[in-house]
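Please read the structure below before turning to the comments.
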Amino acid sequence: MWLWEEQGGLMGPFSFLMMLLLLVTRSPFNACLFTGSLYLLLRLFSFEPVPSRRAMQVLKPRDRVSVIAHRGGGHDAPENTLAAIRQAAKNGATGVELDLEFTSDGIPVLMHDSTVDRTTDGTGRLCDLTFEQIRKLNPAANHRLRSDFPDEKIPTLREAVAECLNRNLTIFFDVKGYANMATDALKKIYMEFPQLYNNSIVCSFLPEVIYKVK
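Structural data, given as structure tokens:
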């Protein structure tokens with residue numbers, strides 16, 4: 044029995060696995076049972092690949108190599124701010140990566156670190172600060188061009204998404220923690236801005252986030 048799938052996927056590797064098990068166990072029944080069970084299990088908990096045409100629509104929205112601004116574009120403006128997003132678009136970026144975090148009162152905001160120490164004039168863990176408190180911080184405080192952004196604020200997720208969409212930027216949401224809160228926040232933002240289904244990607248090392256968002 045040789046498992047084969049014309050478009051690739053799981054079939055090829057599982058064919059090799061079954062042949063290997065046949066050599067080890069010398070039992071066609073056990074080899075087929077183990078391989079088939081594992082295949083069905085992975086199929087049950089795996090996602091179908093995104094159609095290539097739709098994937099290219101997101102990854103290459105302008106029929107050229109994508110240029111993604113890391114942390115919203117933190118070189119010419121404070122990272123993960125609206126100013127950075129605007130500057131990234133001005134510099135020719137096709138998309139931006141946004142780091143999603145939460146305040147102590149559950150407001151989704153942009154912040155890469157778990158603390159505010161590195162990028163702002165404040166100290167402490169973001170999860171211990173309210174939105175009102177972090178809104179008073181200056182995210183440009185430690186940036187090389189801080190004097191150019193005296194009034195910049197830490198933006199909410201909604202503010203950042205609206206800015207990106209207004210500038211036709213593909214969004215890469217980077218979720219590092221708080222799986223349940225992140226999933227709820229993303230679901231709400233996708234409902235408010237349905238165009239995100241065609242120009243955004245959710246990135247996370249947390250399987251729970253990907254499964255729930257999917």
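When the sequence shown is numbered by this note's numbering, its final residue is 257 and no position is left out of the sequence of numbers. Cβ coordinates follow ideal geometry from the N, Cα and C atoms, glycine included. All figures in this text were calculated on a predicted structure; none of them were measured in a lab.
Per DSSP, what are the beta-bridge partners of residue i in this structure?
i, result
"residue 215", "140 and 244"
"residue 145", "151"
"residue 112", "139"
"residue 168", "158"
"residue 78", "The partner list for residue 78 (beta bridge, DSSP) is empty, contrary to what the question assumes."
"residue 124", "Answer by DSSP bridge pairing: none, since residue 124 is not bridged."
"residue 199", "152"
I'd like to know whether the C-beta atoms of residue i and residue j end up nearer to each other than 8 Å.
i, j, result
"residue 216", "residue 141", "yes"
"residue 132", "residue 115", "no"
"residue 64", "residue 72", "no"
"residue 175", "residue 125", "no"
"residue 195", "residue 121", "yes"
"residue 229", "residue 256", "yes"
"residue 155", "residue 123", "yes"
"residue 149", "residue 158", "no"
For residue i, count neighbouring C-beta atoms within 10 Å of its own C-beta (all shown protein chains included) and say buried if the count is 16 or more, exposed if not.
i, result
"residue 243", "buried"
"residue 99", "exposed"
"residue 239", "buried"
"residue 181", "buried"
"residue 68", "exposed"
"residue 44", "Unreliable positioning characterises residue 44 in this predicted model, as indicated by a pLDDT of 38, which lies under 50. The coordinate reading is nonetheless provided below. Its Cβ having fewer than 16 others within 10 Å, residue 44 is exposed."
"residue 248", "exposed"
"residue 223", "exposed"
"residue 235", "exposed"
"residue 108", "exposed"
"residue 172", "buried"
"residue 26", "Any answer about residue 26 is impossible in this case: the structure gives the chain only from 44 up to 257."
"residue 84", "exposed"
Below 8 Å on the Cβ atoms is my guess for residue i versus residue j; work out the distance and round it to an integer in Å.
i, j, result
"residue 199", "residue 152", "6 Å"
"residue 204", "residue 197", "About 15 Å separates the two Cβ atoms, so there is no contact after all."
Hey, would you say the C-beta of residue i is under 7 Å away from at least one heavy atom of the ligand NAD?
i, result
"residue 65", "Because no ligand of any kind appears in the structure shown, any question about the ligand NAD cannot be addressed here."
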